[in-house]
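Data first, discussion second: the structure below is written as structure tokens.
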Amino acid sequence: HLEEDAGKSLHEMHGLSGIDLNRAGTALLEIVSEPELLGAKEAAAYARALHALVVWIGICDGNMQEGSFRCDANVSVRMPGKPLGTRCEIKNLNSFRFMERAIEFEARRQIGILEEGGRIEQETRLYDAERDETRSMRTKEDAQDYRYFPDPDLLPLVVTEAQIEKLRATLPELPEARRERFVRDYALPAYDARVLTASRAAADYFEALVKASGAAPKLCANWLTGELAAALNREERAIEDSRISPDDLGWIVKQVAAGELTGKMAKRVFDVTWERGEAPQSVVEKEGLKPISDAAAIERLVDEVLAANAKQVEDYRAGKQKAFNSLVGQVMKASKGKAHPAQVSELLRRKLGR
Numbered sequence: 080h081l082e083e084d085a086g087k088s089l090h091e092m093h094g095l096s097g098i099d100l101n102r103a104g105t106a107l108l109e110i111v112s113e114p115e116l117l118g119a120k121e122a123a124a125y126a127r128a129l130h131a132l133v134v135w136i137g138i139c140d141g142n143m144q145e146g147s148f149r150c151d152a153n154v155s156v157r158m159p160g161k162p163l164g165t166r167c168e169i170k171n172l173n174s175f176r177f178m179e180r181a182i183e184f185e186a187r188r189q190i191g192i193l194e195e196g197g198r199i200e201q202e203t204r205l206y207d208a209e210r211d212e213t214r215s216m217r218t219k220e221d222a223q224d225y226r227y228f229p230d231p232d233l234l235p236l237v238v239t240e241a242q243i244e245k246l247r248a249t250l251p252e253l254p255e256a257r258r259e260r261f262v263r264d265y266a267l268p269a270y271d272a273r274v275l276t277a278s279r280a281a282a283d284y285f286e287a288l289v290k291a292s293g294a295a296p297k298l299c300a301n302w303l304t305g306e307l308a309a310a311l312n313r314e315e316r317a318i319e320d321s322r323i324s325p326d327d328l329g330w331i332v333k334q335v336a337a338g339e340l341t342g343k344m345a346k347r348v349f350d351v352t353w354e355r356g357e358a359p360q361s362v363v364e365k366e367g368l369k370p371i372s373d374a375a376a377i378e379r380l381v382d383e384v385l386a387a388n389a390k391q392v393e394d395y396r397a398g399k400q401k402a403f404n405s406l407v408g409q410v411m412k413a414s415k416g417k418a419h420p421a422q423v424s425e426l427l428r429r430k431l432g433r
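Residues in the sequence shown are numbered consecutively from 80, following the numbering used here.
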């Protein structure tokens, strides 16, 4: 249901109470779940999913520290097969971690009281994160304690099915539907689809990247969740503020798919494009980042590495795979990252007779 934030009471000053009206009049959407969540982890998972949904459709920025998204948890315990017990409400939980810890503590508190033969008082409680405990805020019994009464200045708002359908038609594709489409249409693993739809901005970036590169969706997903995610995390940037556009990253991925850039070279192009804001095409040109396409030149490098590493050759022929990987690495180093690893591996295996 829709409400207006009425402000809040503050009891942080010794012997004094204050009233904070900074948010008074702010529109407030309250979503009340049925009493069917069976534990702290399930409640936190539900809250996370709801948070992701309201951010996805653009009705909330989701900032929990500033109070844009808050959770109240009603907690009651019962013996198996028995009806729900008396509930206590924990107010204004502003992180999912605190929510989980508060519910776990409150459940333990209530169980302890009942096991000692006591009874649970219906009340509102606050969670103290420093002490990891809940404490009583106020007692309440029934709805009349809130002194609800109709506002004569507000006429009843009748919402028709036609209006609901019209609004439903304007909704964007929702996270679960998009995840399913990514698996179905792009042949992505479920894990990748889940990561890419963690935010609407990430999902949009991925689809723009696939379109710009024309490359395999899995390769695009690897670059987005690998190099791009690492760069964003280093600078604590949201993907909306990425220093590299889907078009520029798409060009890099396209060159990798076509064999025009090795993985190492592509990462260098990415890093320079990110740091300097240059077009990736310009970076390739300036730094001479072209792979060695001359098979004879690569073969010469392979022969030189084999001649200089007789011990590793012997180890590989004895069945030690690490020795082969080391030989590949040395050829790549000799080529300054310009040889294709697959071509190097093929040449080495041919020459080593395995």
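A virtual CB, placed ideally from N, CA and C, is assigned to each residue, including glycine. The structure presented is a predicted model; accordingly, all values stated were derived computationally and were not measured.
key: Q144 classed as buried or exposed, judged by whether at least 16 other C-beta atoms fall within 10 angstroms   = exposed
inquiry  = Which residue wins for smallest C-alpha separation from M158, given the options S88, L193, W302, A389?
reply    = L193
key: Terminal residues of the beta strand (DSSP E) in which A152 lies   = 150-154
Nonlocal neighbours in the same chain, by C-beta distance under 6 Å from T105, ignoring five residues either side = D84
query = What span of residues does the beta strand (DSSP E) with K170 cover, start to end?
reply = 167-172
request  = Please state if the CB of E200 and the CB of T218 are separated by a distance shorter than 8 Å.
outcome  = yes
query = Is the beta carbon of I331 less than 8 Å from the beta carbon of A345?
reply = yes
query = Assuming L368 and R347 make a contact with CB atoms under 8 Å, what is their CB distance in whole Å?
reply = 6 Å
request  = Note down, in chain order, each residue of its chain lying with its Cβ closer than 7 Å to the Cβ of S424, except the 5 sequence neighbours on either side.
outcome  = V407
request  = Helix, strand or coil for A358, going by three-state DSSP, please let me know.
outcome  = coil
query = Which partner residues of E202 appear in the DSSP bridge assignment?
reply = T218
request  = Starting from D283, follow the alpha helix (DSSP H) in both directions and report where the run begins and ends.
outcome  = 279-292
ask   = If we call anything under 8 Å between Cβ atoms a contact, is G86 one with L100?
value = yes
request  = Quick one: measure Cβ to Cβ for L129 and I110, integer angstroms, because I've assumed they're closer than 8 Å.
outcome  = 7 Å
inquiry  = Suppose contacts are defined by Cβ-Cβ distances below 8 Å. Is E168 in contact with D151 by that definition?
reply    = yes
key: Those residues which DSSP pairs with G97 across a bridge   = L89
key: Alpha-carbon to alpha-carbon, N388 and Q400   = 15 Å
task = Evaluate contact between the segment 165-179 and the segment 202-209, counting only Cβ atoms and requiring at least three cross-stretch pairs below 8 Å.
result = yes
ask   = Across which residues does DSSP place E212 in a beta bridge pair?
value = D207
query = How is L107 classed by DSSP in three states: helix, strand or coil?
reply = strand
request  = Can you grab the Cα-Cα spacing for the pair E354 / K365, in whole Å?
outcome  = 15 Å
task = Measure from the alpha carbon of D283 to the alpha carbon of each residue in A119, G118, W135, then state which is nearest.
result = W135
Beta-carbon proximity list for N153, same chain, < 6 Å, skipping 5 on both sides = R166, E168
key: Segment contact, 8 Å Cβ cut-off, at least three pairs: the segment 249-267 with the segment 277-296   = yes
query = In whole angstroms, what is the alpha-carbon distance linking V289 and P296?
reply = 6 Å
task = In angstroms with no decimal places, state the Cα-to-Cα distance between E195 and A186.
result = 14 Å
task = Consult DSSP for E315 and reduce its assignment to one of helix, strand or coil.
result = coil
request  = Tell me, to the nearest whole angstrom, how far the beta carbon of V435 is from that of T304; I am working on the premise that it is less than 8 Å.
outcome  = The chain is shown only over 80 to 433; residue 435 falls outside these bounds and no answer can be derived.
ask   = What residues are listed by DSSP as bridge partners for E436?
value = Residue 436 lies beyond the residue range present for the chain, which begins at 80 and ends at 433; the question has no answer from this structure.
task = Mark G416 as exposed unless 16 or more other C-beta atoms lie within 10 angstroms of its C-beta, in which case mark it buried.
result = buried
Limits of the unbroken alpha helix (DSSP H) element including S405 = 400-413
ask   = How about I377 and A402: do their beta carbons lie closer than 8 Å?
value = no
ask   = Are S414 and L385 closer than 8 Å when you measure CB to CB?
value = no
Euclidean distance between Cα positions of Q334 and A358 = 14 Å
query = Just checking my contact of A336 with A308 at CB under 8 Å: how many whole Å lie between their CB atoms?
reply = With a Cβ gap of about 20 Å, A336 and A308 do not count as contacting.
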